[in-house]
Amino acid sequence: FSATGNIEGVWALKRNESVSLSEQELVDCDTLDNGCGGGLPTNAFKTVIQLGGIESETDYPYDAENEKCNFKKSLSHVKIDSYVELPKNETYIKNYLYHNGPISIGINANAMQFYFGGISHPPNWLC
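Just so it is clear: in the sequence shown, position 53 is 53 by the UniProt record's numbering, and no numbers are missing.
Next comes the structure, spelled out in structure tokens:
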């Protein structure tokens with residue numbers, strides 16, 4: 001969802017057009033990740049590049065199930081040809097956001113699975 005949100009945001013800034021893209025396409029077609037189990041934004045970007053685009057949410061709706069890839073290039077709404085991996089430097093990230101717009105991030109959400117309140121203190125190996 002982070003990758004589609006990023007592509008939507010950059011598209012809106014560059015084209016002045018709002019679009020809702022298909023998360024289900026990535027669930028079904030991104031073989032580098034774990035479908036409904038999640039994955040990395042970089043792998044999602046690689047998949048969109050490899051497929052030749054991403055369909056709209058309307059054309060390839062979300063149904064929260066791992067299914068066979070049903071991507072139709074003729075229905076591709078947005079194409080990307082590259083992505084940028086940012087360094088782990090908050091100043092650089094801040095400047096990149098200011099000059100370029102939205103970024104996509106991934107987090108290890110294991111420590112959040114059973115969160116019930118207060119300040120979370122996950123073990124370092126989860127960070």
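Positions of the beta carbon are idealized from the N, C-alpha and C atoms, including for glycine. All values reported here derive from a predicted model rather than from experimental measurement.
Of the choices the options, whose alpha-carbon is the least far from that of residue i?
i: K68; options: C29, S56, V19; result: C29
i: H77; options: T91, T47, S56; result: S56
i: P123; options: N70, A109, E25; result: A109
i: S74; options: L51, N6, E90, D81; result: L51
i: E83; options: N43, G118, N34; result: Glu is not the amino acid found at residue 83; the sequence shown has Tyr there. Selected option, being the one with the closest Cα: N43.
i: P87; options: V27, K46, N95; result: N95
i: T31; options: A64, E65, K46, I80; result: K46
i: N34; options: S18, A64, I49; result: A64
Is the Cβ of residue i closer than 9 Å to any Cβ of chain C?
i: E55; result: In summary, chain C is missing from the structure at hand, where a single protein chain is found.
What would DSSP say about residue i, mapped onto helix, strand or coil?
i: L21; result: strand
What is the rounded straight-line gap between the Cα of residue i and the Cα of residue j?
i: Y62; j: E23; result: 6 Å
i: A12; j: W125; result: 37 Å
i: I93; j: T4; result: 19 Å
i: T58; j: F1; result: 16 Å
i: D81; j: G118; result: 42 Å
i: T91; j: N16; result: 28 Å
Keeping to the same chain, check which residues put their C-beta closer than 8 Å to that of residue i; ignore five residues upstream and five downstream.
i: S120; result: A111, M112
i: S20; result: E8, S56, E57, T58
Residues in its own chain within less than 7 Å of residue i by CB, not counting five upstream and five downstream?
i: L97; result: I103
i: E25; result: I54, E55, Y60, F71
i: V10; result: G101, P102
i: E85; result: T42
For residue i, which residues in the same chain have their Cβ closer than 6 Å to its Cβ, ignoring the five residues on either side in sequence?
i: L40; result: G106
_Residue ranges of each alpha helix (DSSP H) within the UniProt domain "Peptidase C1A papain C-terminal" (1-126), 4 or longer_ = Entirely contained in the UniProt domain "Peptidase C1A papain C-terminal" (1-126), the alpha helix (DSSP H) runs reaching 4 residues are, in chain order, 2-15, 23-29, 41-51, 90-100.
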